[in-house]
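All remarks here apply to the structure that follows.
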Amino acid sequence: MSQKTVRLTMAQAVARFMTRQMTVIDGKRVPIFGGVFAIFGHGNVAGVGEALYAIRETLPTYRAQNEQGMANAAIAFAKASFRRRFMACTSSIGPGALNMVTSAALAHVNRLPVLFLPGDVFANRRPDPVLQQVESFGDATISANDCFRPVSRYFDRITRPEQIIPALRRTMQVLTDPADCGPVTLSLCQDVQAEAYDYPESFFDEKVWVPRRIEPDLDELASAIELLKSAKKPIIIAGGGVLYSEATADLAVFAEKHGIPVVETQAGKSALAHSHPLNMGSVGVTGTSASNALAEETDLVLAIGSRLQDFTTGSWALFKNDELKIIALNVQPFDAGKHNGLPLICDARVGLNRMSGGLGGYTVDRSWTEKAKAGKAEWMAAADKATATTNAALPSDAQVIGAVQRARGGNKTTLVCAAGGLPGELHKLWQAEEPGGYHMEYGFSTMGYEVAGGLGVKLARPERDVIVMVGDGSYMMLNSEIASSIMLGAKFTIVLLDNAGYGCINRLQIETGGANFNNLLQDTHHVELPQIDFAAHAAAMGAVTRKVGSIPELEAALAETANEARTTVIVIDTHPLITTEAGGHWWDVAVPEVSEREQVKVAREGYEKALQSQRFG
Numbered sequence: 001m002s003q004k005t006v007r008l009t010m011a012q013a014v015a016r017f018m019t020r021q022m023t024v025i026d027g028k029r030v031p032i033f034g035g036v037f038a039i040f041g042h043g044n045v046a047g048v049g050e051a052l053y054a055i056r057e058t059l060p061t062y063r064a065q066n067e068q069g070m071a072n073a074a075i076a077f078a079k080a081s082f083r084r085r086f087m088a089c090t091s092s093i094g095p096g097a098l099n100m101v102t103s104a105a106l107a108h109v110n111r112l113p114v115l116f117l118p119g120d121v122f123a124n125r126r127p128d129p130v131l132q133q134v135e136s137f138g139d140a141t142i143s144a145n146d147c148f149r150p151v152s153r154y155f156d157r158i159t160r161p162e163q164i165i166p167a168l169r170r171t172m173q174v175l176t177d178p179a180d181c182g183p184v185t186l187s188l189c190q191d192v193q194a195e196a197y198d199y200p201e202s203f204f205d206e207k208v209w210v211p212r213r214i215e216p217d218l219d220e221l222a223s224a225i226e227l228l229k230s231a232k233k234p235i236i237i238a239g240g241g242v243l244y245s246e247a248t249a250d251l252a253v254f255a256e257k258h259g260i261p262v263v264e265t266q267a268g269k270s271a272l273a274h275s276h277p278l279n280m281g282s283v284g285v286t287g288t289s290a291s292n293a294l295a296e297e298t299d300l301v302l303a304i305g306s307r308l309q310d311f312t313t314g315s316w317a318l319f320k321n322d323e324l325k326i327i328a329l330n331v332q333p334f335d336a337g338k339h340n341g342l343p344l345i346c347d348a349r350v351g352l353n354r355m356s357g358g359l360g361g362y363t364v365d366r367s368w369t370e371k372a373k374a375g376k377a378e379w380m381a382a383a384d385k386a387t388a389t390t391n392a393a394l395p396s397d398a399q400v401i402g403a404v405q406r407a408r409g410g411n412k413t414t415l416v417c418a419a420g421g422l423p424g425e426l427h428k429l430w431q432a433e434e435p436g437g438y439h440m441e442y443g444f445s446t447m448g449y450e451v452a453g454g455l456g457v458k459l460a461r462p463e464r465d466v467i468v469m470v471g472d473g474s475y476m477m478l479n480s481e482i483a484s485s486i487m488l489g490a491k492f493t494i495v496l497l498d499n500a501g502y503g504c505i506n507r508l509q510i511e512t513g514g515a516n517f518n519n520l521l522q523d524t525h526h527v528e529l530p531q532i533d534f535a536a537h538a539a540a541m542g543a544v545t546r547k548v549g550s551i552p553e554l555e556a557a558l559a560e561t562a563n564e565a566r567t568t569v570i571v572i573d574t575h576p577l578i579t580t581e582a583g584g585h586w587w588d589v590a591v592p593e594v595s596e597r598e599q600v601k602v603a604r605e606g607y608e609k610a611l612q613s614q615r616f617g
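According to full-length UniProt numbering, the sequence shown is numbered sequentially starting from 1.
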């Protein structure tokens, strides 16, 4: 049988294949790859670089400043696109590739799609060892890229040009599968990138990928419906899967019809409008008093698209009802099978609609719903107090959040954050009214995600007002994509809270009986304390900058810079110790059994007492 072919290098085949993959959004066919982030080196510039140059008008290539930064931006793009579109990242062999491994883990934990295309050693081994090659004394097949294996959903090393055909097909299956979704690494041997092969023309036929909506098993569905009907005090935990399924409207209808209160994880926040009367807000370690009070008493948790990790469950000490049952509605059996819950393996939108149909006119007792609403009113009073304006010289994180909310917290705003104390305060206090209005990377809690994440969100959603909130510690770790945002005209606003160190971990250190040690700059081993001018630093990369001295000045600066054409950085000094006392829950952080310090002994006693509330297994 004759087959039409086209002669291309392996790298050219990869590039052409990516341009042929499509999806449908709002009724329009669009490329599923939003672009490629690239930092070229000897391991990818001649092969992948030349291939991307040829398609630059069809598939844009973006130049970044740091491989981890560009990968974080690509992951943020996918998250902001609700996993409907994604990007690829290419680097050279060695340090460039390894810089992306942290980001691969971030994507793996958060179930987010991204394609990594690192260069690798020569498959023919002629220039052995090649520059930047990591040599294993006992295994000649290992390279630095093997570090991607445990943090990739699919990994392949391409040592012959024809191997890319099944590898790319498998790649697209993983990137678009709702259950297996996550990072893919295709390790491209640099000599093979340049080798030619007669590829079948059919390999480059346009293909449209649309979300797979998994229907529930009828027995699992029936069991879930009966379990929910028997519940007296049910709650819904809305996880990120609600957003990725685009089931937010269905969640609202389900909650209203059956009178069930909704609480939100970090990934699930914005699944239901903050103003919705049945939205109790955040749950768990960083939860509102309204959510956590219900969670303590509930007899049934309907967890939708959630991994039920320790921050959500208060390290499994939050739920107090001995009769508690869990229905785990999830596309991934791995997640649905946790903690002896009843699995309901299906798409969130489909599952909610099928369950609602089976529940008929079932509603919870009115007293449970009214208790929830009363708890929310009480919480909102506490939240308003925590976020109120102030003239304090060193405001709290919560007061800064309040200023940002008042000045720019409209329906068209997306708030981006990742690590430190801010995620806890934002989880409690930020009021998101639209799906995707809250963009938090807390599955891996990656310091340094924030600035690059803001860039990725802006590329995915250019119509949004993107606000990045970041502490000085995370900013110092990774800030160089500010320069990339200037290059790309992708304007967002950074509110930088400077508490002179790692304030969040310092507070945790104190809470667990530790001494102030090596977290705040003043408590480090030093000869001289750094006096960092963050505004000047950001300005040197081309940003518009302001240094403000109070909450009123912050609000004014946010209003004044709203229409700036380029990325803006507003710096404010904050207090390292003040945190919102209302809400929250214990978190399992092991305290030493043996110490000479009295503070640690006291903390250990409290720790052992708290352990008694944990539900194990």
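Every residue gets a Cβ at the ideal spot worked out from N, C-alpha and C, and that includes glycine.
All values derive from a computational prediction rather than experimental measurement.
message = My parser needs the beta strand (DSSP E) runs of 3 or more residues fully inside the UniProt domain "Thiamine pyrophosphate enzyme central" (222-353); what are they?
response = 234-238, 262-264, 279-282, 300-304, 325-330 and 342-345
message = For the region 85-94 against the region 150-164, do three or more pairs of beta-carbon atoms, one drawn from each stretch, fall closer than 8 Å, so that the two count as touching?
response = no
request  = Find out if the Cβ-Cβ distance for the pair Ile482, Ala538 is shorter than 8 Å.
outcome  = yes
request  = Please state if the CB of Ile93 and the CB of Gln190 are separated by a distance shorter than 8 Å.
outcome  = yes
key: Per-residue DSSP class, three states only, for Gln522   = helix
request  = Would you mind sorting Pro129 into buried or exposed? The rule is 16 or more other CB atoms within 10 Å of its CB.
outcome  = exposed
task = With a cut-off of 8 Å on the beta carbons, I'd call Arg507 and Gly421 a contact; round off their distance for me.
result = 7 Å
query = In whole angstroms, what is the alpha-carbon distance linking Met541 and Phe40?
reply = 21 Å
Glu264, buried or exposed, once every other Cβ within 10 Å from all chains shown has been counted against 16 = buried
task = Could you tell me whether the Cβ atoms of Pro60 and Ser91 are closer together than 8 Å?
result = no
query = Which term fits Ser152, buried or exposed, when burial requires 16 or more other beta carbons within 10 angstroms of its beta carbon?
reply = buried
ask   = What are the boundary residues of the alpha helix (DSSP H) that includes residue 685?
value = Because the chain here runs from 1 to 617, residue 685 falls outside it and cannot be looked at.
query = What is the DSSP secondary structure of Gly471, counted as helix, strand or coil?
reply = strand
Supposed contact pair Gly314 and Gly284 - C-beta distance, whole angstroms, cut 8 Å = 5 Å
request  = Pick helix, strand or coil for Gln12, following the three-state DSSP scheme.
outcome  = helix
inquiry  = Please tell me whether Gly503 and Gly471 are closer than 8 Å, where the distance is taken between their beta carbons.
reply    = yes
request  = In angstroms with no decimal places, state the Cα-to-Cα distance between Ser550 and Thr574.
outcome  = 9 Å
task = Look at the alpha carbon of Lys229 and the alpha carbon of Ala393, and state the distance between them as a whole number of angstroms.
result = 54 Å
inquiry  = Here's the rule: buried if 16 or more other CB atoms are within 10 angstroms of the residue's CB, otherwise exposed. What is Leu115?
reply    = buried
task = Would you check if there are 3 or more beta carbon pairs closer than 8 Å linking the region 449-462 to the region 72-82?
result = yes
inquiry  = Can you tell me whether Gly358 is helix, strand or coil according to DSSP?
reply    = helix
message = Please tell me whether Ala11 and Val45 are closer than 8 Å, where the distance is taken between their beta carbons.
response = no
query = What three-state label does DSSP hand Tyr62 in the structure shown?
reply = strand
request  = Tell whether a beta-carbon distance below 8 Å holds between Thr58 and Thr9.
outcome  = no
ask   = For Asp250, does the count of other Cβ atoms within 10 angstroms reach 16, so buried, or fall short, so exposed?
value = buried
query = Can you give the Cα-Cα distance for Val101 and Asn145, rounded to whole angstroms?
reply = 9 Å
request  = List the endpoints of the continuous beta strand (DSSP E) containing Phe616.
outcome  = Taken as a continuous stretch (DSSP letters only), Phe616 belongs to no beta strand (DSSP E), as it is neither H nor E.
key: Exposed unless 16 or more other CB atoms sit within 10 angstroms - verdict on Phe444   = buried
query = Could you check where the alpha helix (DSSP H) with Asp205 kicks off and where it finishes?
reply = From DSSP, Asp205 is part of no alpha helix (DSSP H); its letter is neither H nor E.
inquiry  = Extract the residue ranges of the beta strand (DSSP E) inside the region 78-124, only unbroken runs of 3 or more that lie entirely within it.
reply    = 86-91 and 114-120
task = Please report how far the alpha carbon of Ile467 lies from the alpha carbon of Thr493, in whole angstroms.
result = 5 Å
Cα-Cα separation between Gln431 and Gly409, rounded to whole angstroms = 8 Å
query = Which residue or residues does DSSP assign as beta-bridge partners of Tyr154?
reply = Val184
query = How would you label Gly287, buried or exposed, when you count the other beta carbons within 10 angstroms and need 16 or more for buried?
reply = buried
request  = Express the C-alpha separation of Leu131 and Phe311 in angstroms, rounding to a whole number.
outcome  = 43 Å
request  = Going by DSSP, name the residue or residues bridged to His439.
outcome  = Val416
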